[in-house]
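Step one of this worksheet: look at the structure below.
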Amino acid sequence: MKKVISIIGLAIGLFSCEQVIDLEVKDGVNQLVVDAWLTDEVKEQRVKLTVSQPYFEESDPKPALGAEVIVFNQDSTAHVFTDKDNDGVYTYKPEAGKFLKDNEQAALYVKYENEEFYSLSQLKRVPKIDSVGYEVFSFPITPQDGGPKDGFLAQFYANDIAGAGDTYLIRSYKNDTLRFKPADITLAYDAGFSPGSKSDGLMFILPIRQSLNQTLFLDKDKLKVELFSIPTEAYYYLLQLRQESSNGGIFATPLSNIPTNIINLNSKSTKKALGAFFVSKVSTFETTIEKSKAKPKQ
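Take 1 as the starting number for the sequence shown in our numbering and just add one per residue.
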């Protein structure tokens, strides 16, 4: 008995010995962060510029004010973005057919604090979303995410364009609310998830078509699906972003920086930028769920 008590006492002693260690972490160099994802849609286009901050700082990123932001077409036509609200969000309202051009590269130019940065991205083709269907569906138990137990499971129908190497991003809205958390990022390589799937020119596979269901839909819910064409580098950029955002637990891998395609025009400068610039064509389909049109449960 004495031996057991002594072992317990030793264990308590070991677990009660805690020492708080204060680590001094040096603040990194502030860097320009570019968030520039533009589309061929006739609506306001935005380039958001902020300044990076220390890892443990909890305040909102500071806007990068006073920058010069221009997007150039391949024929050198310039589109000037302006920061009307002085909040680091530079905007431009394009005219139909006069902004991004099919299969052409667009160039982003940013001048900030006497440093000049640029990036290139190509506007790739995108297939048409033919339709959206939905069927009656019930989960065996109430979902933990708070969604309904009974409702409708939706999917969109579209075919990848023939010719290997097309890459896409799929987004969806439920009652005008975007489903776009990092874990919800849905990517497609041709009609499958990744290269080598031999899905060129086929209908998108079922898990991709049904990716718009964050929760089941209910009667009279609004549903909107967006299919973005994205450059191959955007596919790998978002893939790593999704992986890093869900990187945790006992099997987590060491964190790594997300690569950037924002380049300083002065190769000898020590000032580097973060973020990305991409352009996309967008195919959109909207509908309202009607229980009378739903397929019966399979």
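Positions of the beta carbon are idealized from the N, C-alpha and C atoms, including for glycine.
Note that the structure is a prediction, hence the values are computed from the model and not measured.
Other residues of its chain near Leu241: CB distance less than 8 angstroms, five sequence neighbours each side excluded: Excluding sequence neighbours, Leu241 sits near Pro182, Ile185 and Ile258.
Val326 burial status per 10 Å Cβ neighbour count (16 or more: buried): Residue coverage of the chain in this structure runs from 1 to 298, which leaves residue 326 outside it and unanswerable.
Whole-angstrom C-beta distance between Ile262 and Ser119, which should lie under 8 angstroms: At roughly 5 angstroms, the Cβ-Cβ gap stays under 8 angstroms, so Ser119 and Ile262 are in contact.
Where Lys220 sits in the DSSP three-state scheme: Correct three-state label for Lys220: coil.
The beta strand (DSSP E) enclosing Glu286, as first and last residue numbers: Element bounds for Glu286: Val282 to Thr288.
Of the listed residues Ser121, Gln243 and Asp166, nearest to Val71 (C-alpha basis): Of Ser121, Gln243 and Asp166, the residue nearest in Cα terms is Ser121.
First and last residue of the uninterrupted alpha helix (DSSP H) at Gln240: Thr232 to Ser245 is the extent of the alpha helix (DSSP H) around Gln240.
Contacting residues, own chain, Cβ-Cβ under 6 angstroms from Glu44 (five flanking each side not counted): Within the same chain, Glu44 has close Cβ partners Thr91 and Lys93.
Any C-beta of chain C under 7 angstroms from that of Pro54: The displayed structure is made up of one protein chain only, and chain C is not part of it.
Reduced DSSP secondary structure (H/G/I, E/B, other) of Leu178: Three-state result, Leu178: strand.
Lys128, buried or exposed, once every other Cβ within 10 Å from all chains shown has been counted against 16: Here Lys128 is exposed. Its C-beta has fewer than 16 other C-beta atoms within 10 Å.
Residue environment, Thr39, which counts as buried when at least 16 other CB atoms sit within 10 Å: Residue environment analysis places Thr39 among the buried positions, since at least 16 neighbouring C-beta atoms fall within 10 angstroms of its C-beta.
Extent of the continuous beta strand (DSSP E) run through Leu120: Note, Leu120: beta strand (DSSP E), Glu115 to Gln122.
As assigned by DSSP and simplified to three states, the class of Arg125: Arg125 sits in coil when the DSSP states are folded into three classes, being neither helix nor strand.
Rounded Cβ spacing between Lys272 and Asn264 (contact assumed at less than 8 angstroms): Between Lys272 and Asn264, the beta carbon gap of about 6 angstroms places them in contact (Cβ cut-off 8 angstroms).
In DSSP terms, what Asn159 is bridged to: BP columns for Asn159 point to Met203.
Contact check, Ala106 vs Val279, beta carbons under 7 angstroms: For Ala106 and Val279, yes; Cβs fall inside 7 angstroms.
Outcome for Val69 when other beta-carbon atoms lying within 10 angstroms are tallied against a minimum of 16: So Val69 ends up on the buried side.
Ala323 - partner residues in DSSP beta bridges: There is simply no residue 323 to check, as the chain begins at 1 and stops at 298 in what is shown.
Asp126 classed as buried or exposed, judged by whether at least 16 other C-beta atoms fall within 10 angstroms: A quick correction: the sequence has Val, not Asp, at residue 126. Buried.
Opening and closing residue of the beta strand (DSSP E) in which Thr39 lies: It spans Leu32 to Thr39 - the beta strand (DSSP E) in which Thr39 sits, taken as one unbroken run.
Beta strand (DSSP E) segment containing Leu65, residue limits: Careful: Leu65 lies outside any beta strand (DSSP E) and carries neither H nor E.
Through-space distance from Gly196 to Asp166, alpha-carbon basis: Distance between the alpha carbons of Asp166 and Gly196: 12 angstroms.
Extent of the continuous beta strand (DSSP E) to which Val51 belongs: Note, Val51: beta strand (DSSP E), Gln45 to Val51.
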